[in-house]
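Enquirer:
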Amino acid sequence: MRNIKFIALLMAVVLLFAACSNKSDKPAENEKKPEVNEEVKEENNEAKEEPKAEVKEEKTEDKKVKEEAKNVNEELVHEVFVGASWVNDLLDGKHGDNYVIAEVTWGEAKDSPDYLKEHIPGAIHINTDSIEEGPVWNIRSDAEIEKAMLDYGITSDTTLLIYGPDTGAHRVAFVALYAGVKDVKVLDGGLNAWKKAGFETEADEVAPVKAENFGVTVPAHKEYWLSLDDAVKKLPSDDFRLISIRSEEEWLGETSGYGYIPKAGEPAGAYWGKSGEGNGGMGFYQNEDGTNKPFDEIVKMWEEQGITTDKELSFYCGTGWRACLPWLLCYERGLNANVFDGGWNEWQMHDELDAQVGDPNNGGSIVKVKDLPNDKAAK
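Those letters in the sequence shown? Residues 336 to 714, by my numbering.
1. In the DSSP assignment, what are the bridge partners of Ala672?
2. Return the first residue and the last residue of the beta strand (DSSP E) that Ser700 is part of.
3. Where do the ends of the alpha helix (DSSP H) carrying Glu612 lie?
4. Nearest-angstrom Cα distance between Ala542 and Trp529?
5. What does DSSP give as the partner residue(s) for His460 in the beta ladder?
6. Using the Cβ count rule (16 or more neighbours within 10 Å means buried), how would you classify His460?
7. Helix, strand or coil: which one does DSSP assign to Asp573?
8. Ordered along the chain, which non-local residues of its own chain (more than five positions away) have a Cβ less than 7 Å from that of Ala514?
9. How far does the beta strand (DSSP E) with Ala444 in it reach, from first residue to last?
10. Contact between the stretch 522 to 541 and the stretch 417 to 430: three or more CB pairs below 8 Å?
11. Within its chain, find whatever has a CB closer than 7 Å to the CB of Ile342; leave out the 5 residues flanking it on each side and keep chain order.
12. Between Arg657 and Asp523, what straight-line distance do the alpha-carbon atoms span, to the nearest angstrom?
13. May I have the straight-line CA-CA distance separating Ile701 from Asn433, to the nearest angstrom?
14. Count the other CB atoms, across all protein chains shown, that sit within 10 Å of the CB of Glu443; report buried if there are 16 or more and exposed otherwise.
15. Suppose the cutoff is 7 Å on Cβ atoms and the five residues either side in sequence are ignored; what does the same chain contact list for Ala538 look like?
16. Can you tell me where the alpha helix (DSSP H) holding Leu485 begins and where it ends?
17. Whose C-beta lies closer than 6 Å to the C-beta of Gly689 among residues of the same chain, with five residues either side of it excluded?
18. State the start and end residues of the unbroken beta strand (DSSP E) segment that holds Lys520.
19. Spatial neighbours of Gly669 within its chain, please: CB distance less than 6 Å, with the 5 preceding and 5 following residues excluded, ordered by chain position.
20. Count the other C-beta atoms from every protein chain shown that fall within 10 angstroms of the C-beta of Tyr595, then say buried if there are 16 or more, exposed otherwise.
21. Three-state secondary structure (DSSP) at Phe549?
22. Given a threshold of 16 other Cβ atoms within 10 Å of its Cβ, counted over all protein chains shown, does Asn548 qualify as buried or as exposed?
23. Taking 9 Å as the cut-off, decide whether the C-beta atoms of Asp676 and Gly655 are in contact.
24. From the DSSP secondary-structure annotation, give me the bridge partner or partners of Lys557.
25. Taking all protein chains shown into account, do 16 or more other C-beta atoms lie within 10 angstroms of the C-beta of Asp645, making it buried, or fewer, making it exposed?
26. Please classify Pro708: is it buried, with 16 or more other beta-carbons within 10 angstroms of its beta-carbon, or exposed?
27. What separation, rounded to the nearest whole angstrom, lies between the Cα atoms of Pro369 and Glu410?
28. With a 10 Å radius around its C-beta and 16 neighbouring C-beta atoms as the bar for buried, classify Thr643 as buried or exposed.
29. My assumption, with CB atoms under 8 Å, is that Gly615 sits in contact with Asp501. Please give the rounded CB distance.
30. Does DSSP classify Ile474 as helix, strand or coil?
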């Protein structure tokens, strides 16, 4: 009996051991699931990641489009050009009561073609000689500019509304911003836009009320202005574009454009940003009624000349007036731009500098200024 019990017990132990061995060798269902889930998870992740990649790509593209749109126009960082209705609201006190309206021309009020006949009610007259001087016709010293602003009743906190029959108005707007006037406006289309809108004019001369304290150190924005030395240093850089805002005849070196500038040509390395007819026309920037053309059209014109708005843009002309209009358009949009104040007039005064004559992309040549003929003054 003991033997039988022993054998029976032994057989039970053997059977139990075999059952345990079989269980440990067989993968359980919950051990299989990770393998299945891992494959499914990878497939699901691929399915989920692909749309995410597409969405991310779309967002990047959208951002690029928005950035380009911003560069080309749409959102203004600093509004400068305004319509007649905005000016009328200014007169009605809707933009505050600390403002100066000014008609700008060369010479005194009696020399203006319009001012003593008709001007926007309350407008004073600004003579461009107050902010620039010959023979180079660069802007005046900082102290002289501050004095001129105060004499006209303008401080850094004044809303300054400017208009005029030519780019002298843009010149004064540039100088005011350079000095530190925070809110400078230009009436797009000038006096004609005001009259076309049906608003009244007056004829009596308005005397400015002098101000005592400008409010900030002049200049508050030296970076808007470029010297001759800096222009020469920056020209070799691919991130810099020196841009001629001059007529085709001036660009090609056929005439200097001015009776008092004897030599014709352009700084070597300059790009042509065009302007219009003669030494004052701005037909590539303004419509026939004097209003500005859409900025995207102007940018397209620049791009055809190899000028893109992702560079530092430095505008110049003969003596500084025409260059200020495209600068103001760039300033409105927060682009990296300045005015090379001396322009061709100052450049041609330095014999050692290089000048280009003719289209540099089509047979133009580069010579020293000293080798240019002295018979190219405008007749």
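Glycine is no exception: its CB is placed at the ideal position from the N, C-alpha and C atoms.
Expert: Answer, in terms of the structure:
1. Mapped onto the sequence shown, residue 672 falls at position 337. Ala672 is bridged to Leu648.
2. As a working mapping, residue 700 is identified with position 365 in the sequence shown. In the DSSP assignment, Ser700 falls within the unbroken beta strand (DSSP E) covering Ser700 to Lys703.
3. The residue you call residue 612 lines up with position 277 of the sequence shown. Segment: none, Glu612 is in no alpha helix (DSSP H) and carries neither H nor E.
4. Position 207 of the sequence shown, counting from 1, holds the residue named residue 542. Position 194 of the sequence shown, counting from 1, holds the residue named residue 529. So the alpha carbons of these two residues sit roughly 21 Å apart.
5. In the sequence shown, residue 460 corresponds to position 125, counting from 1. Looking at the DSSP assignment, His460 forms a beta bridge with Glu438.
6. Position 125 of the sequence shown, counted from the start, is the residue given in the question as residue 460. The C-beta of His460 has 16 or more other C-beta atoms within 10 Å across all chains shown, which makes the residue buried.
7. Numbered from its first residue, the sequence shown carries residue 573 at position 238. In the three-state DSSP reduction, Asp573 falls in the coil class, being neither helix nor strand.
8. Numbered from its first residue, the sequence shown carries residue 514 at position 179. Around Ala514, the same chain offers Ile480, Glu481, Met484, Val553, Pro554 and Ala555 as residues with beta carbons nearer than 7 Å, after the five sequence neighbours per side are excluded.
9. In the sequence shown, the residue the question calls residue 444 occupies position 109. No beta strand (DSSP E) holds Ala444; DSSP gives it neither H nor E.
10. Flag = yes, the stretch 522 to 541 and the stretch 417 to 430 touch.
11. Here residue 342 refers to the residue found at position 7 when the sequence shown is read from its first residue. Bear in mind that the predicted position of Ile342 carries a pLDDT of just 40, short of 50, making it unreliable; the figure below should be weighed with that in mind. There are no such residues.
12. Counting from one through the sequence shown, the residue named residue 657 turns up at place 322. Counting from one through the sequence shown, the residue named residue 523 turns up at place 188. Here the alpha carbons of Asp523 and Arg657 stand approximately 15 Å from one another.
13. Counting from one through the sequence shown, the residue named residue 701 turns up at place 366. Counting from one through the sequence shown, the residue named residue 433 turns up at place 98. Within the model, the alpha-carbon separation for Ile701 versus Asn433 is close to 52 Å.
14. As a working note, residue 443 is residue 108 in the sequence shown. Per the 10 Å Cβ criterion, exposed.
15. The sequence position of residue 538 within the sequence shown is 203, counting from 1. Beyond the five residues adjoining it in sequence on each side, Ala538 comes within less than 7 Å, by CB distance, of Leu451, Lys452 and Glu453 in the same chain, given in chain order.
16. Here residue 485 corresponds to residue number 150 of the sequence shown, with the count starting at 1. Unbroken alpha helix (DSSP H) run through Leu485: Asp477 to Asp486.
17. The sequence position of residue 689 within the sequence shown is 354, counting from 1. Checking the sequence shown, residue 689 turns out to be Asp, not Gly. Within the same chain, Asp689 has close Cβ partners Ala603 and Ile701.
18. Residue 520 sits at position 185 when you count from the first residue of the sequence shown. Counted as a single uninterrupted DSSP element, the beta strand (DSSP E) harbouring Lys520 occupies residues Asp518 to Leu522.
19. If you number the sequence shown from 1, residue 669 lands on position 334. For Gly669, where only same-chain residues beyond five positions count, the Cβ hits under 6 Å are Val412.
20. Numbered from 1 along the sequence shown, position 260 holds the residue referred to as residue 595. Result: exposed.
21. As a first step, residue 549 is located in the sequence shown; it is residue number 214 there, counting from the start. DSSP, read as helix, strand or coil, puts Phe549 in coil.
22. What you label residue 548 is simply residue 213 of the sequence shown in a count that begins at 1. Within 10 angstroms of the beta-carbon of Asn548 lie fewer than 16 other beta-carbons, which makes it exposed.
23. Here residue 676 is taken as the residue at index 341 of the sequence shown, counted from 1. Here residue 655 is taken as the residue at index 320 of the sequence shown, counted from 1. Yes, they are a contact pair.
24. Along the sequence shown, one-based indexing puts residue 557 at 222. In the DSSP output, where bridge partners are listed per residue, Lys557 has none listed.
25. Position 310 of the sequence shown, counting from 1, holds the residue named residue 645. Looking at its Cβ environment, which holds fewer than 16 other Cβ atoms inside 10 Å, Asp645 is exposed.
26. Residue 708 sits at position 373 when you count from the first residue of the sequence shown. Exposed: under 16 other Cβ atoms inside 10 Å.
27. As a first step, residue 369 must be located in the sequence shown, where it is residue number 34. As a first step, residue 410 must be located in the sequence shown, where it is residue number 75. Note on Pro369: pLDDT 34, under 50, position unreliable in the model; the coordinate value appears next. Between Pro369 and Glu410, the C-alpha separation is close to 54 Å.
28. Taking the sequence shown and counting its residues from 1, the one referred to as residue 643 is at position 308. So Thr643 ends up on the exposed side.
29. The residue you call residue 615 lines up with position 280 of the sequence shown. The residue you call residue 501 lines up with position 166 of the sequence shown. The C-beta distance from Gly615 to Asp501 rounds to 6 Å, short enough to meet the 8 Å contact threshold.
30. To locate residue 474, count along the sequence shown from 1; it is residue 139. The three-state reading of DSSP puts Ile474 in strand, counting E and B together.
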